[in-house]
Ligand code: ATP
Ligand code: MG
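In our numbering, the protein residues as written are 1 to 444.
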């Protein structure tokens, strides 16, 4: 099939229609490829709405005017079939966008079987699990596509921002020898004679790299064998990671704030159509800094439970309510609530508890990122492993990496699907992954 003369729908709307006297436009002839979005048969007039990734256009056949066999074919093509339609572009006051196509050739490239297993209309009546079972077909829906168009903007904006910051993009291993986060559950993998693990984060690697290349970032897939089934957790998710040498928590919180602001700015610029589809009015967020203790006091007044060393989902939600359109950084976090690699602070909390240089960032009522200054002193690291009852010998390479000239450093990780979900106001994080992996789902 020679598709070299293809016109995208979006471009067709910018072309001159057939009525034009300009002969060099081939009298407004277009060759479109796409899916049959909808059909309508008014007996003397037949419509096909053709959809490609760039938009939709109406194709209009008229009895007596359109060639007989094409007019007949128009009523037989099932919805979502793939077609090639060649025709003349015409001005039309009634047609959406002011233009339509009079067909001169229609070819059915791939006929869709019917009935379709899910409702593919914009506001699909099919429930999410069933839509995910048929995700490949669900992605025919512009509303599903919109999510991944926005996710693409977020990804490009992240890379663009990091490039401007002078950070190097890195690629890290996903099969590891020991848990990189301690707490969270891991997936074992048979690795020849040994048991390896699927990575829960690129934490240890990005630190080792920052200690030579200073500023690094990654888009990294993580696996967490958490059994809980929530609307904001996945068992396979992706993170935007950042790590920087000669920096503490304050410096990298500022980088994160500017990064998220840049991402939101780009989404506003590039995705007005998608935001409108989801009825979202986005604002570039401001920034607020609160200590963990300040948050605990606010929540006490609001009668909302905060954990001893972690924020409850309700308290995150409340922060979103109290500080709309704001990235809320919660810092001076109790050391006991942070992983082994977070630097202890020289400050103590009001109840004498040891604080840390770790933080969380809460945006739109949910944690989007955790980060902090890391421990770059081997003896202190060993002490922390022991305090967390972790096996020091499992981390020999990691600890040794700080013995031969390692600067202080700090960084963060931000959930890709989390930020997508929040910016579009999606009720379930599974909507923001092409092919989600959760406790019950390994396919498609
Ligand atoms: P949470 O407290 O929300 O469960 P976490 O503190 O366990 O997250 P981190 O290890 O701090 O997660 O991961 C960094 C970021 O990655 C989080 O702030 C969040 O945006 C995202 N994230 C973490 N776990 C998941 C998950 N299971 N599914 C999707 N995104 C996640
Ligand atoms: Mg966290």
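From the three backbone atoms N, C-alpha and C, an ideal C-beta is built for every residue, glycine too.
Computed from a predicted structure; not experimentally measured.
For residue 293, the enclosing alpha helix (DSSP H) starts and ends at 292 to 301.
For the 8 Å CB-CB criterion, residue 128 and residue 394 do not form a contact. Residue environment analysis places residue 186 among the buried positions, since at least 16 neighbouring C-beta atoms fall within 10 angstroms of its C-beta. Between the alpha carbons of residue 361 and residue 273 lies a distance of about 28 Å. Distances from the CB of residue 224 to the heavy atoms of ligand 1 include at least one below 7 Å. Distance from the CA of residue 338 to the CA of residue 412, rounded to the nearest whole angstrom, comes to 13 Å. Comparing alpha-carbon positions, the option among 149, 417, 264 and 200 lying closest to residue 233 turns out to be 417.
Residue 218 sits in a strand when the DSSP states are folded into three classes. Below 8 Å, enough C-beta pairs join the region 77 to 85 and the region 112 to 121 to call them touching: three or more. The alpha carbon of residue 226 has as its nearest neighbour, out of 195, 182 and 249, the alpha carbon of 182.
By the neighbour-count criterion, in which a residue is buried when 16 or more other Cβ atoms sit within 10 angstroms of its Cβ, residue 307 is exposed.
With respect to residue 54, residue 9 sits close: the two C-beta atoms are nearer than 8 Å. Contact annotation: residue 365 and residue 311 have beta-carbon atoms that are not nearer than 8 Å. Contact between the region 258 to 269 and the region 380 to 392 is not established, with fewer than three Cβ pairs separated by less than 8 Å.
With contact defined as three or more Cβ pairs closer than 8 Å, the region 1 to 18 and the region 51 to 68 are in contact. Leaving aside the five residues that flank residue 176 on each side, the residues in its chain whose CB is nearer than 7 Å to its CB run, in chain order, 196, 197 and 199. Spanning the alpha carbons of residue 300 and residue 290 requires a straight line of approximately 15 Å. Selection 204, 249 and 99 evaluated against residue 373 yields 249 as nearest (Cα-Cα). Of all alpha-carbon atoms in 351, 396 and 13, the one lying nearest the alpha-carbon of residue 96 is that of 13. Fully enclosed alpha helix (DSSP H) runs of no fewer than 4 residues occupy 416 to 424 of the region 398 to 443, in order along the chain. Shown here for residue 70: same chain residues with a beta carbon closer than 8 Å to its own, the five before and five after excluded, namely 61, 103, 104, 105 and 106 in chain order. A distance of 8 Å or more separates the beta carbons of residue 91 and residue 59. Runs of alpha helix (DSSP H) with 4 or more residues, each lying fully within the region 123 to 160, are found at 128 to 133 and 135 to 138, listed in chain order.
Across the structure, residue 1 and residue 222 are spaced so that their CA atoms are roughly 40 Å apart. For residue 237, the distance from the CB to the nearest heavy atom of ligand 1 is below 7 Å.
Minimum Cα-Cα distance from residue 388 among the listed residues 136, 180 and 371 corresponds to 180. Burial is judged here by how many other beta carbons sit within 10 angstroms of a residue's own beta carbon; residue 313 has fewer than 16 and is exposed.
Here residue 284 has 261, 264 and 265 as same chain residues with Cβ atoms under 6 Å from its own Cβ, once five neighbours each way along the sequence are excluded.
Check the Cα spacing between residue 178 and each of 422, 400 and 396: the tightest is with 396. Close CB contacts of residue 202 within its chain, under the 6 Å cut and outside five residues either way in sequence, are with 172, 218, 220 and 241 (chain order). According to DSSP, residue 348 shares a beta bridge with 354.
Taking a C-beta distance under 8 Å as the contact criterion, residue 336 and residue 309 qualify as a contact pair. With fewer than 16 neighbouring CB atoms inside 10 Å of its own CB, residue 41 falls in the exposed class. Taken through DSSP and simplified to helix, strand or coil, residue 60 comes out as strand. For residue 305, same chain residues with a beta-carbon under 6 Å away, outside a window of 5 residues either side, are 312 in chain order.
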